[in-house]
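**Student:** Taken in order, the sequence shown gives residues 395 to 586; the numbers are from my numbering.
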Amino acid sequence: MLVENFRITPRDDASCNLAWTSLWPNGVSWVFVNGKHAAGPVVTGTAEKMVKIAFALGNVARIEIHDFPDDAVRPDPIQAEPNTRPTLSWNPVEEATRYRIYHRKRGEAAETLIYDKPALQGLDRCEVVCPILLDGRGGVWHFLRVEAVDEYGNESTRQSWTYFVMDLPPVPERVSVTEGVVPGTYDFRLED
């Protein structure tokens, strides 16, 4: 079950306490921040649960708390983490002396060279984190192409593959913060 009511109490500029009341005192809870596992399994033996999470002052985060009566299920986040820096992997080419990666955003005519490095020998699998941050606001298609280059500078001719990028929504322009009902807590409200 997804917990909809929880309290955030700041600890310092980089962390806060996250507290909620569970339906199952002996149940198991899982916490996700921006689609990434942050805490869990949380088992306290009481209905009132609290964990410390990293939450930088001034940032916007998507927080999910999942409660279960037992530990039979390990949930996945409802909202996946932003995928703006994918890990690209490919099978090595024996004759390659270097690899190049090209990128094109949907709607753009020309590709851009975003990676050009010597090939490392003896690897079973080549892997690199995308060297640029891909735009994903509102969902954007990107095209990526990995090319092997031989000792004479000849490039392979591979097809590009499509990659869909989703990013977190932009930070709201106006956020109002008021003191909460319980001392030391705050209510956050987005304003139009």
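Beta carbons: idealized from backbone N, C-alpha and C, even for Gly.
None of the values given here were measured: they were computed from a predicted structure.
How many angstroms separate the CA atom of Trp484 from the CA atom of Glu521?
**Tutor:** Position 90 of the sequence shown, counted from the first residue, corresponds to residue 484. Position 127 of the sequence shown, counted from the first residue, corresponds to residue 521. Their Cα atoms are separated by approximately 7 Å.
**Student:** Please identify the residue among Arg456, Ile457, Asp461, Asn428 whose C-alpha is closest to the C-alpha of Ala441.
**Tutor:** Taking the sequence shown and counting its residues from 1, the one referred to as residue 441 is at position 47. Nearest of Arg456, Ile457, Asp461, Asn428 to Ala441, Cα basis: Asp461.
**Student:** Which same chain residues end up closer than 6 Å to Pro463 when comparing Cβ atoms and leaving out the 5 residues on each side of it in sequence?
**Tutor:** Position 69 of the sequence shown holds residue 463. Closer than 6 Å at the Cβ level, and outside the excluded window around Pro463, lie Trp418, Gly421.
**Student:** Determine the closest residue to Lys499 out of Arg405, Val576, Arg531, Val571, with distance taken between C-alpha atoms.
**Tutor:** Indexing the sequence shown from 1 puts residue 499 at position 105. For Lys499, the nearest C-alpha among the options comes from Arg531.
**Student:** Tell me whether Leu517 sits in a helix, a strand or coil according to DSSP, three-state version.
**Tutor:** Numbered from its first residue, the sequence shown carries residue 517 at position 123. It is coil, neither helix nor strand.
**Student:** Leaving out the 5 sequence neighbours to the left and right, which residues in its chain are closer than 7 Å to Tyr480 when beta-carbon positions are compared?
**Tutor:** On the sequence shown, residue 480 is found 86 positions in, with the first residue counted as 1. Checking the displayed sequence, the identity of residue 480 turns out to be Pro instead of Tyr. Around Pro480: Cys524, Tyr557.
**Student:** Three or more beta-carbon pairs under 8 Å between the segment 402-418 and the segment 434-448, yes or no?
**Tutor:** yes
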